[in-house]
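The sequence shown lines up with residues 1 to 226 when you count with the UniProt record's numbering. Even glycine gets a Cβ: it sits at the ideal position worked out from N, Cα and C. A short write-up of the structure that comes next.
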Amino acid sequence: MPSQATQTAPDRPSSSSKNSDARCLTPVTVKQLKDLSKVGESGISIDGVDVNNIVLVGIISKIDNAVSDCTFRVDDGTGWVECTKWPITDFNEIAHHFLECIYVHLYNTKLRPRMTNATDGMTAQPQVANSYSGNHIMGYSYQTNSTNQFSNQYNTDEEQIRGISSMVLQYLRRPACLASEMGVSSDIVARELNVSVDKVRKTLDFLASEGLVYTTTDDHYKFTDA
């Protein structure tokens, strides 16, 4: 009689092969990316195969260089995707990014459920959650489950402005922003911080009145060096 180990052995190569396929580089087209389907928690699937890493070849077009990043399109004839490239001048930013990944994960999985239970179903909005504390250093924002980071925290325009001020100041103090002679436009600040342009402009006006930032030209702002 074959042993239990012998009976279950045929299942192992299938699992190993599946994991190996997911680790391989898969050549794809833009259309395949746009038509891809999710497979539960395992990620994405193309033609029934789990995919983690892809190779995409196309023509780069519509390049838009900004102070903090460079956006461009990649067109391979089947469609196009918009990509963003962010320069890294301080490699401490990488360590900072991973620390924030840990923080957001723990907040969403540990702290947030406790806060929800404590408020009897009403989710509290702590200032540190889903706010800018350097998370845009590498050019992208992290997202917690909160739909509006300022919805329950601030009640008046003045309180909202003061709440956003620290985010704006930290962004303008980035090396790339400090190195720019023209500074950064309010539109870019709003886009990077995921805050409305109107709130960012009101915040910049407030910071300018306090002497913390100053305008250069065409609605561009710079941090005031001490």
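Assign residue i to one of two classes, buried (16 or more other C-beta atoms within 10 Å of its C-beta) or exposed (fewer than that).
{"i": "Val69", "result": "One point to set straight first is that residue 69 is Asp, not Val, in the sequence displayed. Answer is buried; the Cβ neighbour count reaches 16."}
{"i": "Ser186", "result": "buried"}
{"i": "Leu172", "result": "buried"}
{"i": "Thr109", "result": "exposed"}
{"i": "Ile164", "result": "buried"}
{"i": "Cys177", "result": "buried"}
{"i": "Phe223", "result": "buried"}
{"i": "Glu192", "result": "buried"}
{"i": "Thr84", "result": "exposed"}
Kindly identify the DSSP beta-bridge partner or partners of residue i.
{"i": "Asn53", "result": "Leu25"}
{"i": "Lys222", "result": "Tyr214"}
Would you grab the beta carbon distance between residue i and residue j for me? Rounded to a whole angstrom, and I think it's under 8 Å.
{"i": "Val200", "j": "Val184", "result": "Actually they do not touch by this definition, with Cβ atoms about 10 Å apart."}
{"i": "Gly64", "j": "Pro175", "result": "The sequence shown places Asp at residue 64, rather than the Gly named in the question. Not a contact, Cβ separation roughly 21 Å."}
{"i": "Val81", "j": "Val30", "result": "6 Å"}
{"i": "Val57", "j": "Asp76", "result": "6 Å"}
{"i": "Asn53", "j": "Leu33", "result": "Not really, about 13 Å apart at Cβ, beyond 8 Å."}
Could you tell me the boundaries of the alpha helix (DSSP H) in which residue i lies?
{"i": "Phe206", "result": "197-209"}
{"i": "Arg191", "result": "186-193"}
{"i": "Phe98", "result": "92-106"}
{"i": "Asp75", "result": "No alpha helix (DSSP H) holds Asp75; the beta strand (DSSP E) holding it covers 70-75."}
{"i": "residue 256", "result": "In the structure displayed, the chain extends from 1 to 226; residue 256 sits before or after that span and is not available."}
Assuming residue i is part of the beta strand (DSSP E), what are its boundary residues?
{"i": "Thr85", "result": "For the record, residue 85 in the displayed sequence is Lys; it is not Thr. Looking at the DSSP string, the run of the beta strand (DSSP E) that includes Lys85 is 80-85."}
{"i": "Asn65", "result": "59-65"}
{"i": "Ser45", "result": "44-46"}
Please decide whether residue i counts as near chain D, where near means a Cβ-Cβ distance under 8 Å.
{"i": "Arg201", "result": "Among the chains in the structure shown there is no chain D, since it carries only a single protein chain."}
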